[in-house]
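Below is one structure, written out as structure tokens, with a few remarks after it.
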Amino acid sequence: MNKTIYQYRDYKKYLHDYIQSQPGKGYGFRSRIAETTHCDTAYVSQVLRQNAHFSLEQAEDLNDLLGHTQDESEYFLLLIQLARAGTPKLRARTEKLLQGYIEKSQVLKHRVDIKQTLGELDQVRYYSAWYYAAVHILIAIPEFRTRDLIAARLGLSSEKVSQILEFLLSVGLASKLGDHYSIGTNRIFLGNDSMMLSKHHNNWRVKAIEMINRNSLQGDLNLHLSTVLSFAKKDVAAVKEKLIQGIEEARKIVRESNPEEDIYCLGVDFFRL
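Sequential numbering of the sequence shown, starting at 507, is according to the working numbering.
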């Protein structure tokens, strides 16, 4: 979609445009709406084309199907309430609530434009688990820019991915248009003096162990090496230098590669026991 939900005051128009933005111009999506709202497709067509309306309960179910964030979900419910409002007083109150969400969304966009680094508390959350960074990088790939595709790729629940995406949006690490996400304008950098550095390394070492167990019988492109070496002290620096050169060469290949195809984790350990 070329518009966000906050640009709509008519939920039927929003749903129509959302359906049209889906693959195949939404072929079969009305059936998914019918299944989600526990009604038949004829009623869905009646809602979209005539005077019938979804209930608030059905709208709440649709929030999950449409991949709405918390604020988007509440805005969508208000759109339903606006359409169903039976008095001018209720309509005016709902319009006021809608305007509040519109203004909030505009302030967020402005904040994202000027924000360059994450605060300490946001970094604590970002580095609390591996999947925040994984989702953050994965949305750079067009093939994985919707909530459900991300969930399927990483083996996470849709609810968990929604929470992660909402956080990434709130701190400017992601942006959203319709149901598609992309990398935001903000950046995150973890220096050697950061208190989160050990947590960051631990997250991905634990994930590496998980992948070793999962892929133990698969001959894929993954590479895992764990070995203990003994050699002369004078050669330690030379070995470390070789490893650094290898990392630099790999990073050069990555920089010149297409970042929109797949996602991998690179971890290197070399330390004295």
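Cβ atoms here follow ideal geometry from the backbone N, Cα and C, with glycine treated the same way.
So the candidates are Thr575, Ser700, Leu679, Gln751; which of them puts its Cα closest to the Cα of Ile694? Considering only alpha carbons, the answer is Leu679.
Could you please give me the residues that DSSP links to His574 through a beta bridge? In the DSSP output, where bridge partners are listed per residue, His574 has none listed.
Rounded to whole angstroms, what's the CA-CA distance from Phe737 to Asp685? Just pull it up for me. If you take the alpha carbons of Phe737 and Asp685, they lie about 55 Å apart.
Whole angstroms are fine: how far does the CA of Asp775 sit from the CA of Val734? Distance from the CA of Val734 to the CA of Asp775, rounded to the nearest whole angstrom, comes to 11 Å.
What residue does the alpha helix (DSSP H) around Tyr533 start on, and which one ends it? Element bounds for Tyr533: n/a, residue is neither H nor E.
Could you tell me whether the region 534-544 touches the region 563-579, where touching means 3 or more Cβ pairs closer than 8 Å? With a cut-off of 8 Å, the region 563-579 and the region 534-544 count as touching, because enough Cβ pairs lie within range.
Below 7 Å CB to CB, which residues in the same chain sit around Ala565 once its five sequence neighbours on both sides are set aside? The residues Phe582, Leu583, Ile586, in chain order, have a CB closer than 7 Å to that of Ala565 in the same chain once the five nearest residues on each side in sequence are set aside.
Determine the direct distance from the alpha carbon of Asp628 to that of Val742, and round the result to whole angstroms. Annotation: Val742 to Asp628 spans about 38 Å, alpha carbon to alpha carbon.
Any contact between the region 544-561 and the region 516-530? By contact I mean 3 or more CB pairs, one from each, below 8 Å. Cβ pair count under 8 Å is three or more, so yes.
Note down the Cα distance separating Glu755 from Gly530, rounded to an integer number of angstroms. In this model, Glu755 and Gly530 are separated by some 42 Å (Cα to Cα).
Would you report the Cα separation of Ser668 and Glu578, rounded to the nearest angstrom? Rounded to the nearest angstrom, the two C-alpha atoms are 12 Å apart.
Grouping DSSP H, G and I as helix and E and B as strand, with all else coil, what is Ala565? Helix.
Contact between the region 593-604 and the region 671-678 is defined here as three or more beta-carbon pairs at a separation below 8 Å; is this criterion met? No, because fewer than three Cβ pairs between the region 593-604 and the region 671-678 fall closer than 8 Å, the two stretches do not touch.
Taking all protein chains shown into account, do 16 or more other C-beta atoms lie within 10 angstroms of the C-beta of Lys610, making it buried, or fewer, making it exposed? Result: exposed.
Could you tell me which uninterrupted beta strand (DSSP E) segments, each at least 3 residues in length, are contained entirely in the region 671-734, listed from first to last along the chain? Within the region 671-734, the complete beta strand (DSSP E) runs of at least 3 residues are 680-683, 686-689.
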